[in-house]
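J.:
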Amino acid sequence: MTTKEDRLKAVNTIIQEIANRGRGFFREECKKESFFFFTGTERKRLWFWDKRAGKVNPYQLYNQCSEGGTLWALIKDFKEFILTGKYTNGNNGYGGLYCPHWAYPEEDMQAIREKAKQVGYLKGE
Numbered sequence: 003m004t005t006k007e008d009r010l011k012a013v014n015t016i017i018q019e020i021a022n023r024g025r026g027f028f029r030e031e032c033k034k035e036s037f038f039f040f041t042g043t044e045r046k047r048l049w050f051w052d053k054r055a056g057k058v059n060p061y062q063l064y065n066q067c068s069e070g071g072t073l074w075a076l077i078k079d080f081k082e083f084i085l086t087g088k089y090t091n092g093n094n095g096y097g098g099l100y101c102p103h104w105a106y107p108e109e110d111m112q113a114i115r116e117k118a119k120q121v122g123y124l125k126g127e
């Protein structure tokens with residue numbers, strides 16, 4: 003993936019997969035989902051739309067994240083990936099998409115990881 007926009011789309015695809023499985027992290031009952039987006043004329047400013055808090059600066063996210071510490075760390079991993087294009091899963095703790103503490107069924111976690119590999123976020127086997 004060469005552009006920040008491509009990486010942003012990839013991350014939002016992963017967030018959507020997470021929202022549609024298991025406990026529905028990143029999704030409210032009203033089907034409102036969290037996502038990343040750019041603002042500004044040159045689309046340089048990265049923001050995170052939290053399903054409850056609304057527009058959130060992903061650099062100062064912790065106090066505003068509605069998902070808790072594990073997913074806060076994943077959001078920070080996603081932010082780094084979007085901005086740098088480097089492998090970032092688990093950089094901010096908790097194991098990222100390989101974290102065993104999500105309480106999602108294993109088949110859902112496998113599907114999420116597979117989607118993350120398909121879009122270029124996770125490295126293949």
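The numbering of the sequence shown is our numbering, which starts it at 3 and goes up by one. We put the CB at the ideal spot given by N, CA and C, even for glycine. This structure is a prediction, so every number in the text was calculated from the model and none was measured.
So, is F28 buried or exposed, given that buried needs 16 or more other C-beta atoms within 10 angstroms?
T.: Looking at its Cβ environment, which holds 16 or more other Cβ atoms inside 10 Å, F28 is buried.
J.: Can I16 and S36 be called in contact, C-beta distance under 8 Å?
T.: Going by C-beta atoms, I16 is not nearer than 8 Å to S36.
J.: Assign W51 to one of three DSSP states: helix, strand, or coil.
T.: In this structure, W51 counts as strand in the three-state DSSP scheme.
J.: Do you know how far the Cα of G26 is from the Cα of K113?
T.: Going by the sequence as given, residue 113 is Ala instead of Lys. Whole-angstrom Cα-Cα distance: 14 Å.
J.: Would you tell me roughly how many angstroms separate the C-alpha atoms of E116 and G42, rounded to the nearest one?
T.: Taking the straight line joining both Cα atoms gives about 33 Å.
J.: Grab the span of the alpha helix (DSSP H) containing G92 for me, first residue to last.
T.: Note, G92: premise wrong, no alpha helix (DSSP H); not H, not E.
J.: To the nearest angstrom, report how far apart K34 and F50 are at their CA atoms.
T.: Using only the alpha carbons, I get a separation of about 13 Å.
J.: On the DSSP letters alone, give me the boundaries of the beta strand (DSSP E) that F37 sits inside.
T.: Segment F37 to T41, the beta strand (DSSP E) holding F37.
J.: Return helix, strand or coil for V58, following the three-state DSSP convention.
T.: Three-state DSSP puts V58 in a strand.
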